[in-house]
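Below is one structure, written out as structure tokens, with a few remarks after it.
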Amino acid sequence: MALQRLTALFILYSILGYIPSRGVILRTTDKTVWANEFEPIELTCLIESISTNHPRIEWKKIKNGVPSYVYFQNQISGDLEHRAQLIQPANLLILNTSRADTAEYRCEVAAIDDHKHFDEILISLAVRVKPVVPRCSVPVAVTVGTSSELRCLENEGFPASQYRWFRNNEELPQDPKSSPKFINSTYSINADTGGLKFRRMRKEDAGEYFCQAKNEAGHAQCPAQLMDVYDVDIVGIFLKVLAALAGFTIVMVGVYHAHKHGCFSSGKDHTGTNYKSPAADDGVEYAEADEVNKIHLILFSIFYIIIELKCNHNVLIKMANKNKYQQQVDVLF
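Each residue of the sequence shown is one higher than the one before, counting from 440 in our numbering.
This is the structure we're talking about:
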């Protein structure tokens, strides 16, 4: 008898279009969602089971553990105001995502007429940001056999950018040994930091270099910059040093002999009334001191000229690189 009553009650509910629900149940198509900045994204909150005709629907944004309403009392609010809308029954559509939208979002549905009257679902949203044009540092000129580093960096992209280097519009392989064309190169590339290091520069390493920053949202690259590689002119430097030493020696010898013969004497003629002969001991001491000072001066001058000529080539290269860096700063600012 009881079974017949239950059957009849079920048939009646079916005719009336009402089948008792075990409670509100939610699900989503994806709990982890990615979106590119400035593009739309829909966060799905699907109601699989419910009996209440007008459930209360709310969306909260959770950033750094702190929740805030983005849909409350049937209207968009908070960070998403004027940028989102609710797609019935409970999906949240963000029309124009920004990097600040990266957070967790919680859909909450309350159904007071259901046996289980509340359910919620958590969705993680990450907004990808396209890299900006990276800042590239390429030396104007380097010397064969020396080490050098090219740098590339940008801080806007999310996830963090990976870096690639190009020479004369051809990509440098991550491992130079993997390509017959670059097998003799000594460079290494750090794809995470953007560094391109050469252990020993070769003439073949000269060319136009540019760097590309890339992530899932897109890529950007800096303008190409020319790098020259010069040979060290050992013979030229040696000849310059010899010529300078010879000229300096001739001048110093001439000055020494002129001084020795009294050409630079400050006293008046011996027959003048104002002339006073120095004491014998004082003259000896002054002469010895003058000779020592002259030797010191000659040695110091020779050493200074050698150092200056030896560093001349590297100084010119550093000045060229500094001028190029200043030009880049002027362009940026």
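Idealized CB from N, CA, C, for every residue including glycine.
- Within the same chain, and ignoring the five residues on either side of ARG606 in sequence, the residues whose Cβ sits closer than 6 Å to its Cβ are GLY646 and TYR648.
- Counting of Cβ neighbours within 10 angstroms places ALA542 among the buried residues, the total reaching 16 or more.
- In this structure ALA529 touches VAL548 by the C-beta definition: roughly 6 Å separates them, less than 8 Å.
- With distances taken between CA atoms, CYS650 lies nearest to SER576 out of SER563, SER576 and ASP614.
- Counting along the chain, GLU481 sits inside the beta strand (DSSP E) bounded by residues 480 to 482.
- By the Cβ criterion, the segment 629 to 637 is in contact with the segment 588 to 600, since at least three pairs of Cβ atoms, one from each stretch, lie closer than 8 Å.
- Our two residues, LYS569 and GLN664, have alpha carbons roughly 23 Å apart in a direct line.
- At a cut-off of 3 residues, the continuous stretches assigned as beta strand (DSSP E) that sit fully inside the segment 570 to 602 are 574 to 576, 580 to 582 and 587 to 592.
- Contiguous alpha helix (DSSP H) elements confined to the segment 613 to 659 do not occur, taking only those with 4 or more residues.
- The Cβ atoms of VAL680 and THR582 lie no closer than 8 Å to each other.
- Just measuring C-alpha positions, the residue of ASP631, GLU595 and ALA580 sitting nearest VAL668 is ALA580.
- Taking 8 Å as the cut-off, the Cβ atoms of LEU611 and ILE628 count as close.
- Of the candidates ALA599, MET666 and PHE687, ALA599 places its Cα closest to the Cα of GLU655.
- The C-beta distance from GLU487 to ILE464 rounds to 5 Å, short enough to fall under 8 Å.
- Here ARG567 is buried, its C-beta having at least 16 other C-beta atoms within 10 Å.
- Annotation: the continuous beta strand (DSSP E) that includes ILE562 extends over 557 to 567.
- For SER507, the enclosing beta strand (DSSP E) begins and ends at 505 to 511.
- Between ASN475 and SER563, the alpha-carbon positions lie close to 14 Å from each other.
- With respect to ASP553, THR467 sits apart: the two C-beta atoms are not nearer than 8 Å.
- Apart from the 5 residues on each side of it in sequence, TYR626 sits with its Cβ closer than 8 Å to the Cβ of LEU611, PRO615, LEU635, LYS636, PHE637, ARG638 and ASP644 in its chain, given in chain order.
- Note on geometry: alpha-carbon atoms of GLY517 and PRO573 lie some 34 Å from one another.
- The beta carbon of ARG538 lies closer than 7 Å to those of GLU476, VAL566, VAL568 and PHE597 in the same chain, with the five residues before and after it left out.
- In terms of Cβ geometry, ARG545 and ILE501 form a close pair [threshold 8 Å].
- In the three-state reduction of the DSSP assignment, LEU681 falls in the helix class, which pools H, G and I.
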